[in-house]
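Here the protein sequences come in this chain order: A and B. Residues in the first sequence are numbered consecutively from 151, following our numbering. Residues in the second sequence are numbered consecutively from 1028, following our numbering. Here a beta-carbon is modelled for each residue, glycine too, at the ideal position from N, C-alpha and C. Read the structure below first, then the notes.
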Amino acid sequence: MKVEEDYLDRLKKHVHQDEVGIEMQEIESYISRKTAQSSRARNGKYAIALFALLLLGGGVFLMQLLNNPKTKHKPSTATTAFDQTQLKPSISQSSVAKSAMIKTNHEQPQSVVLKMDNALIKPATELMVDLADYNNIASPLIDIADYENITSH
Amino acid sequence: MEQNQDSVQKQHDFMVLYKPLHNRLCKFVHSMIWDKEDAKDIVNETALQAFERFDQIKDKEKFMSYVFSIAGNLAKRRYKLQKVKALFDWVKADNQEAWQHSEQTLTQSELRKALDQVPFKQRRALLLFEVFGFSYNEICTIENCSLSAVKTRIFQAKTKLRHYLANDEVPFGQLKSVIV
Chain A
151 MKVEEDYLDR LKKHVHQDEV GIEMQEIESY ISRKTAQSSR ARNGKYAIAL FALLLLGGGV
211 FLMQLLNNPK TKHKPSTATT AFDQTQLKPS ISQSSVAKSA MIKTNHEQPQ SVVLKMDNAL
271 IKPATELMVD LADYNNIASP LIDIADYENI TSH
Chain B
1028 MEQNQDSVQK QHDFMVLYKP LHNRLCKFVH SMIWDKEDAK DIVNETALQA FERFDQIKDK
1088 EKFMSYVFSI AGNLAKRRYK LQKVKALFDW VKADNQEAWQ HSEQTLTQSE LRKALDQVPF
1148 KQRRALLLFE VFGFSYNEIC TIENCSLSAV KTRIFQAKTK LRHYLANDEV PFGQLKSVIV
């Protein structure tokens, strides 16, 4: 008999005699336990996914609500804000700017125009033009009521 | 409720097929890694993996091959881990010497020493064929390789064993006397 065959015979005998000691019940309970665990883990994952989905849905709904033109808050426009009886409708931003330039004798009236852009949203009586940067003006604020005086120059 | 009943039925069907294989599977795993605790882990894990994919097995006749295939792969992974672990496990090596005097431990360690000379794939094929009595075709399915590959693996495993046993420092005759 070859040496390796002899060895294999003894190995076979040893393996079949040796008891590993794993019971069938252990396997059954292990499978049951693990199946229950994975089921619980799966349910937990579903719950987390559902919660995340709800959060996302709520976020999207809020975004749509805020961007909806019907519900969106709009500042009043110039035509509604200006008191037409007090202001001449012919006064445009450019003419005001030109007037301011004449009044202040300054070469850069752009900032005045910008201020007017902001001022347009205010009611006519409160409309003030900030000209603090212009050195030639004694008072930093000009009441919009003086527009007529400015344009008359 | 229905889902629970399905799960119970599935487990019952699985156990009917698994039960006849259990002993052989335990011994197969143990003969590859030679550690009862590790063998227990692997058998548990094999059963669980087979159970989880039980629905996917269309041909239930191949269940045995499927289970042994899973066990073989898990055992290979554990064996590699054991080898790495053994490099750092000085304490265990010292302890082993202390209880190595018993006859059974000596038999097992000598048998294992010889089997460790054979690469894992060849060892697996050799054990399946020589020790557990699987046919070549069954081993083909378990190992997922061709018939010629299986034959080659078994032949090479035997050659390596013969070479080791013939050139071993402790002659196999002496080992035989210890085993008997």
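Taken residue by residue, none of the segment 195-217 of chain A has a beta-carbon sitting less than 7 Å from a beta-carbon on chain B. Shown here, B:Glu-1157 sits in a helix according to DSSP, grouped into three states. At a beta-carbon threshold of 7 Å, the residues of chain A lying near B:Met-1042 are Glu-178, ordered along the chain.
If you check the CB distance, B:Leu-1188 and B:Ile-1169 do not come in under 9 Å. The beta-carbon distance between B:Cys-1053 and B:Ala-1074, rounded to whole angstroms, is 11 Å. This is too long to meet the 8 Å contact definition. Within a 10 Å sphere around the beta-carbon of A:Leu-205 sit fewer than 16 other beta-carbons, which makes this residue exposed. By the neighbour-count criterion, in which a residue is buried when 16 or more other Cβ atoms sit within 10 angstroms of its Cβ, B:Ser-1092 is buried. Looking at the backbone, the Cα of B:Lys-1140 and that of A:Asp-159 are separated by about 16 Å.
Annotation: B:Asp-1040 to B:Lys-1103 spans about 28 Å, alpha carbon to alpha carbon. Going by DSSP, B:Lys-1107 is part of the alpha helix (DSSP H) stretching over 1090-1115. Across the set B:Trp-1061, B:Ala-1193, B:Arg-1180 and B:Phe-1055, the C-alpha of B:Trp-1061 shows the shortest separation from the C-alpha of B:Tyr-1106. Listed along chain B are Leu-1075, each with a C-beta nearer than 8 Å to that of A:Lys-184. Taking the C-beta atoms as reference points, B:Phe-1090 is found nearer than 9 Å to B:Ala-1077. Between A:Gly-171 and B:Leu-1153, the alpha-carbon positions lie close to 24 Å from each other. Around the CB of A:Tyr-157, 16 or more other CB atoms lie within 10 Å, so the residue is classed as buried. A buried status is given to B:Lys-1185, since no fewer than 16 other beta-carbon atoms sit within 10 Å of its beta-carbon.
The closest CA to that of B:Glu-1079, considering only A:Leu-212, A:Met-213 and A:Ser-189, is found on A:Ser-189. Counting only residues of its own chain and dropping the five nearest sequence neighbours on each side, B:Phe-1159 has a CB closer than 7 Å to the CB of Arg-1051 and Phe-1055. Taking C-beta separations shorter than 6 Å and ignoring five residues to either side along the sequence, A:Glu-176 has no partners in its chain. Proximity of chain A to B:Arg-1105 at the Cβ level (cut-off 9 Å) is not reached, the minimal Cβ distance being about 14 Å. About 15 Å separates the beta carbons of B:Leu-1048 and B:Glu-1072, which is beyond the 8 Å limit, so they are not a contact pair. Collapsing the DSSP output to three states places B:Cys-1172 in coil. Exclusion of the five residues before and after B:Leu-1044 leaves Phe-1090 as the residues of its chain whose Cβ lies within less than 6 Å of its Cβ. Listed along chain B are Arg-1189, each with a C-beta nearer than 7 Å to that of A:Lys-152.
DSSP places B:Glu-1079 within a helical segment (H, G or I) once states are collapsed to three. Listed in chain order, the non-local C-beta contacts of B:Ser-1173 below 7 Å within the same chain comprise Cys-1167, local neighbours out to five positions each way being set aside.
Here the alpha carbons of B:Arg-1150 and B:Tyr-1163 stand approximately 14 Å from one another. Your pair A:His-166 and B:Gln-1135 does not check out as a contact, with CB atoms roughly 13 Å apart and the cut at 8 Å. The C-alpha of A:Ala-191 lies about 26 Å from the C-alpha of A:Gly-208.
At least 9 Å separates the beta-carbon of A:Met-213 from that of B:Met-1042. A:Ile-181: member of the alpha helix (DSSP H) spanning 174-217, first to last residue.
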